[in-house]
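To convert a position in the sequence shown, counted from 1, into my numbering, add 102. We treat Cβ as the ideally placed atom computed from N, Cα and C, and that holds for glycine. See below for the structure under consideration.
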Amino acid sequence: MANSRQDETSVHEVVWISHRGDEHCVKCGREISRGNLVQVNQRDGVRCVSCAGYDDLCFLPAGDAKLTRLATSVSSRVVVVVKWSSARKRHERQGILVDEPAYDAALQQAEAEAASKRGRSKFRVLEMDGEKVLWKQ
Ligand SMILES: [Zn+2]
Numbered sequence: 103m104a105n106s107r108q109d110e111t112s113v114h115e116v117v118w119i120s121h122r123g124d125e126h127c128v129k130c131g132r133e134i135s136r137g138n139l140v141q142v143n144q145r146d147g148v149r150c151v152s153c154a155g156y157d158d159l160c161f162l163p164a165g166d167a168k169l170t171r172l173a174t175s176v177s178s179r180v181v182v183v184v185k186w187s188s189a190r191k192r193h194e195r196q197g198i199l200v201d202e203p204a205y206d207a208a209l210q211q212a213e214a215e216a217a218s219k220r221g222r223s224k225f226r227v228l229e230m231d232g233e234k235v236l237w238k239q
């Protein structure tokens with residue numbers, strides 16, 4: 103990949119969940135600890151989510167194709183979150199980053215599904231620090 107700038111019109115941007123824990127953002131120098139999101143790009147190197155411009159996006163865990171589809175269709179930006187699985191020697195999709203309105207739409211959908219039929223939604227809506235978040239069951 104000589105030109106590693108991703109074509110955002112055809113391919114979603116991708117961020118990784120860091121499994122190293124010893125990386126630093128090339129832009130702000132912040133240490134990126136294990137489990138944090140990083141953007142890896144051959145041209146720019148490793149960047150933290152703030153420097154990559156993903157700070158305002160919300161993480162929607164994978165697991166419910168319907169919710170993912172819904173959020174993807176309404177979000178202005180979609181970033182795929184992947185993680186390296188050393189056991190399987192491949193990258194596995196963990197979820198997506200979507201904008202706030204899309205995340206809220208997914209929350210509402212999950213709540214509605216959970217209310218209408220018990221156990222139908224794969225997600226629970228939890229209250230964390232006063233904010234509602236989706237939690238995969
Ligand atoms: Zn940074």
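Across the set V151, D166, K168 and A167, the C-alpha of V151 shows the shortest separation from the C-alpha of C160. The beta carbon of H121 lies closer than 6 angstroms to those of W186 in the same chain, with the five residues before and after it left out.
Annotated as distal: G137 and A164, with beta-carbon spacing of 8 angstroms or more.
Remark: the C-beta of S152 is in contact range of ligand 1, defined as less than 7 angstroms to any heavy atom.
For S218, the enclosing alpha helix (DSSP H) stretches over residues E202 to S218. In the structure shown, R171 adopts helical secondary structure according to DSSP, grouped into three states. Relative to the non-hydrogen atoms of ligand 1, the Cβ of R122 never comes closer than 7 angstroms to any of them. In the structure shown, the three-state DSSP call for S188 is coil. With contacts defined as CB atoms closer than 8 angstroms, V128 and R149 qualify as a contacting pair. Note: V183 is bridge-paired with V117 and G197 in the DSSP secondary-structure output. Within the same chain, E133, I134, V140 and V148 come within 8 angstroms of E125 by CB-CB distance, once the 5 residues on both sides are set aside.
About 6 angstroms separates the beta carbons of V227 and A212, which is inside the 8 angstroms limit, making them a contact pair.
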